[in-house]
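Each step along the sequence shown adds one to the number in the numbering used here, with nothing skipped, and position 361 is 361.
Glycine residues also receive a C-beta, built at the ideal position from the N, C-alpha and C atoms.
Fair warning: this is a prediction, and the values are worked out from it, not measured in the lab.
Here's the structure we're looking at; comments come further down.
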Amino acid sequence: MLIDSRDRMTQIEVDLPTPSATADRPLFVDLDGTLVKSDTLFDSVLLLARERPALLLSLPKWLAAGKASLKAHVSESVSLDVGHLPYNRELLTYLRQQQAEGRPLYLATGADTRLAHRIAKHLAIFSGVFASDGVTNLTSHNKLEGLRRFLPEGEFDYIGNAVPDLPLLLNSTEPMVANPDSSLRASLRLKQVHVVREFQDRAAPVKSFLRAIRLHQWSKNVLLFVPLLLSHAIHAKALERTSLAFLCFSLCASATYIVNDLLDLDPDRRHPRKRHRPFAAGDLSAFTGLSIVGIFLAAGFFSAWWLSINFLGWLLGYFVTTLAYSLALKRLVLVDVLLLSGLYTVRMLAGAAVTGTTISPWLAGFSLFLFLSLAMVKRFSELQNLRATSHVPENGRGYLLQDIEQIRSFGTASAYASVVVFTLYISGHDIASLYSHPHRMWLITPLLILWVSRFWLLASRGELNEDPVVFALTDRTSVVIGAGIVGVALFSL
Numbered sequence: 001m002l003i004d005s006r007d008r009m010t011q012i013e014v015d016l017p018t019p020s021a022t023a024d025r026p027l028f029v030d031l032d033g034t035l036v037k038s039d040t041l042f043d044s045v046l047l048l049a050r051e052r053p054a055l056l057l058s059l060p061k062w063l064a065a066g067k068a069s070l071k072a073h074v075s076e077s078v079s080l081d082v083g084h085l086p087y088n089r090e091l092l093t094y095l096r097q098q099q100a101e102g103r104p105l106y107l108a109t110g111a112d113t114r115l116a117h118r119i120a121k122h123l124a125i126f127s128g129v130f131a132s133d134g135v136t137n138l139t140s141h142n143k144l145e146g147l148r149r150f151l152p153e154g155e156f157d158y159i160g161n162a163v164p165d166l167p168l169l170l171n172s173t174e175p176m177v178a179n180p181d182s183s184l185r186a187s188l189r190l191k192q193v194h195v196v197r198e199f200q201d202r203a204a205p206v207k208s209f210l211r212a213i214r215l216h217q218w219s220k221n222v223l224l225f226v227p228l229l230l231s232h233a234i235h236a237k238a239l240e241r242t243s244l245a246f247l248c249f250s251l252c253a254s255a256t257y258i259v260n261d262l263l264d265l266d267p268d269r270r271h272p273r274k275r276h277r278p279f280a281a282g283d284l285s286a287f288t289g290l291s292i293v294g295i296f297l298a299a300g301f302f303s304a305w306w307l308s309i310n311f312l313g314w315l316l317g318y319f320v321t322t323l324a325y326s327l328a329l330k331r332l333v334l335v336d337v338l339l340l341s342g343l344y345t346v347r348m349l350a351g352a353a354v355t356g357t358t359i360s361p362w363l364a365g366f367s368l369f370l371f372l373s374l375a376m377v378k379r380f381s382e383l384q385n386l387r388a389t390s391h392v393p394e395n396g397r398g399y400l401l402q403d404i405e406q407i408r409s410f411g412t413a414s415a416y417a418s419v420v421v422f423t424l425y426i427s428g429h430d431i432a433s434l435y436s437h438p439h440r441m442w443l444i445t446p447l448l449i450l451w452v453s454r455f456w457l458l459a460s461r462g463e464l465n466e467d468p469v470v471f472a473l474t475d476r477t478s479v480v481i482g483a484g485i486v487g488v489a490l491f492s493l
């Protein structure tokens with residue numbers, strides 16, 4: 001809603017000091033991409049997909065009535081947590097200084113009026129709000145006309161970030177920008193507009209991209225090589241095919257991680273650690289994330305089809321399952337950890353499919369119990385960290401703080417069950433055909449017991465990273481134990 005009456009603005013007025021001679025010119029501030037590093041419409045639609053997915057079917061109908069109508073319906077359907085939006089910290093500091101000096105500040109945004117007023121009320125620095133009202137989409141020339149009606153003869157300053165802000169920047173006395181995109185920079189150079197001030201608050205794009213795709217999580221896909229390695233029938237072509245399969249799974253995994261991060265934007269911003277993730281922090285836009293997802297999935301599925309239809313089936317199954325996990329299944333207590341442990345086993349089954357290797361039922365059983373324990377320790381660690389900070393779980397997974405001891409018992413039992421399966425395997429007859437000295441494999445057993453016991457001991461002390469894979473890769477003791485296990489296996493050949 002465009003508010004052009006000073007009386008109607010009183011609902012969000014704040015007490016201002018007497019303006020100085022150099023600070024009496026009104027300053028209008030854009031919201032999306034400027035004051036807030038993300039796009040609140042995209043954020044709201046993603047929250048809609050998380051909380052009320054059935055309403056996604058209504059988006060085309062809402063959009064058919066105009067973009068302002070779409071914004072109004074979305075804003076009415078879900079409520080973003082305005083207290084944890086990724087605000088441009090440098091700009092916000094400047095605005096608070098200007099407000100303290102008595103300068104009149106106005107939020108001028110294309111966002112819906114409901115959301116704009118909630119943000120203005122939270123920040124308590126604006127004298128008034130200009131926003132879309134469900135009929136008029138207050139961007140570009142529409143916004144400029146609204147400001148001119150409000151200030152028929154007066155001068156104003158404006159802060160924006162994108163090309164739609166160009167008409168306002170051209171007509172402002174002192175144009176300023178915040179995290180400007182490349183198109184706006186080019187347009188300003190072409191128009192020979194001198195920008196008085198620039199407010200940058202965004203991580204380097206390459207660094208944000210690498211964090212978003214979670215390269216460290218690709219290590220999980222090394223499991224595709226396990227069937228080939230344990231078959232003792234390694235050759236160049238099989239390694240080449242498995243390496244390509246590894247890349248397919250990694251691209252698919254990164255895509256699903258991004259989907260998960262986009263759906264979890266709102267709760268992640270309330271999390272002490274996850275709020276720094278690229279999408280939650282506004283360092284990468286939701287549109288960029290969806291583009292990465294499309295490119296990665298296209299490359300992964302095409303390469304999988306080139307390898308074999310059977311492998312493509314496993315990859316599609318993995319993707320559908322992880323997508324279902326992100327959309328709903330991760331909120332089902334115990335189902336989530338069973339699903340996560342099963343996905344590890346799926347990786348090994350896919351690795352066996354791409355090389356035609358037969359996977360041992362012993363290996364499947366061992367991996368199922370071991371990875372169930374790792375999934376349990378992740379949930380246990382999350383709850384343990386929340387309890388240490390006196391927080392209540394808000395991630396919608398259904399676990400309670402009083403579940404900690406039960407999860408500990410489930411996880412430790414599963415860990416030792418994996419060791420039992422391993423000992424049964426090395427006690428059987430099948431191992432004799434693969435190892436010249438199978439009795440030496442018993443040396444692996446105490447190493448496994450040491451590793452899983454230490455894992456849970458550290459988790460109980462609150463010293464374990466919430467992601468056990470990250471911890472295992474960075475923990476020196478885990479690396480040494482892993483090297484010892486590989487050494488014993490080679491010694492047994």
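Return helix, strand or coil for residue i, following the three-state DSSP convention.
i: A111; result: strand
i: E382; result: helix
i: Y435; result: coil
i: R197; result: strand
i: Y178; result: Per the sequence presented here, residue 178 reads as Ala, with Tyr not at that position. Of the three classes helix, strand and coil, the one that applies to A178 here is strand, per DSSP.
i: I485; result: helix
i: I159; result: strand
i: L27; result: strand
i: D403; result: helix
i: V45; result: helix
i: V36; result: strand
i: L80; result: coil
i: D264; result: coil
i: A21; result: With a pLDDT of 42 at A21, under the threshold of 50, the predicted position of this residue should be treated as unreliable, and no value is reported.
i: G356; result: coil
i: R454; result: helix
i: G154; result: coil
i: M1; result: Unreliable placement is indicated for M1, whose pLDDT of 41 sits below 50; the coordinate value is still reported in the next sentence. Of the three classes helix, strand and coil, the one that applies to M1 here is coil, per DSSP.
i: D336; result: helix
i: K71; result: helix
i: A65; result: coil
Measure the alpha-carbon distance for residue i versus residue j and round it to whole angstroms.
i: T173; j: W306; result: 59 Å
i: L138; j: A212; result: 32 Å
i: R440; j: G342; result: 30 Å
i: L251; j: A299; result: 8 Å
i: A352; j: N260; result: 28 Å
i: A328; j: L262; result: 14 Å
i: G146; j: A108; result: 9 Å
i: S254; j: I295; result: 11 Å
i: K274; j: D283; result: 13 Å
i: A116; j: L340; result: 40 Å
i: G398; j: V452; result: 26 Å
i: L151; j: Q402; result: 59 Å
i: V36; j: I426; result: 58 Å
i: L507; j: A72; result: Outside the shown range of the chain, which is 1 to 493, sits residue 507, and nothing can be said about it.
i: F199; j: Y158; result: 13 Å
i: A187; j: N179; result: For the record, residue 187 in the displayed sequence is Ser; it is not Ala. Their backbone Cα atoms lie some 15 Å apart in a straight line.
i: V419; j: G428; result: 15 Å
i: T22; j: Q192; result: With a pLDDT of 43 at T22, under the threshold of 50, the modelled position of that residue is not reliable, and the figure given next carries that caveat. Rounded to the nearest angstrom, the two C-alpha atoms are 25 Å apart.
i: T474; j: H271; result: 23 Å
i: K237; j: L290; result: 34 Å
i: F319; j: L223; result: 16 Å
i: S127; j: K220; result: 52 Å
Comparing alpha-carbon positions, which option in the options lies nearest residue i?
i: F422; options: G411, T412 and L443; result: L443
i: S264; options: K121, A49, I159 and L450; result: This sequence places Asp at residue 264; Ser is not what is there. Considering only alpha carbons, the answer is A49.
i: F114; options: G33, V78 and L92; result: According to the sequence shown, residue 114 is Arg rather than Phe. Ranking the options by Cα distance to R114, first place goes to V78.
i: L169; options: V196, T358 and S182; result: V196
i: F366; options: R149, A350 and T345; result: T345
i: E382; options: V419, W362, G33 and I404; result: I404
i: E463; options: I407, Q384 and A72; result: Q384
i: F287; options: R25, S38, T34 and P26; result: S38
i: W362; options: I431, H276 and L339; result: I431
i: D467; options: R379, R96, Y257 and R277; result: R379
i: A203; options: A280, L473 and W218; result: A280
i: L47; options: A68, A64, E76 and P26; result: E76
i: L424; options: R408, T445, E155 and S436; result: T445
i: H437; options: T412, A375, L493 and R25; result: L493
i: F130; options: E51, K143 and L123; result: K143
- So, do the segment 76–93 and the segment 33–50 have three or more beta carbon pairs nearer to each other than 8 Å? These segments touch.
- Message: With three or more beta-carbon pairs closer than 8 Å as the criterion, would you say the segment 307–323 touches the segment 214–233?
- Response: When C-beta atoms of the segment 307–323 are compared with those of the segment 214–233, fewer than three pairs fall below 8 Å, so the two segments do not count as touching.
- Message: Restricting to runs no shorter than 3 residues, where is the beta strand (DSSP E) found entirely within the segment 87–143?
- Response: Qualifying beta strand (DSSP E) stretches, in chain order: 105–112 and 128–132.
- Message: Could you check whether the segment 26–36 touches the segment 92–111, counting it as contact only if at least three pairs of C-beta atoms, one from each stretch, sit closer than 8 Å?
- Response: Yes, they touch.
- Item | Continuous alpha helix (DSSP H) assignments of at least 4 residues falling wholly in the segment 209–273 | Positions of the alpha helix (DSSP H) runs, each at least 4 residues long and wholly inside the segment 209–273, are given as 226–231, 236–263 and 265–268 in order along the chain.
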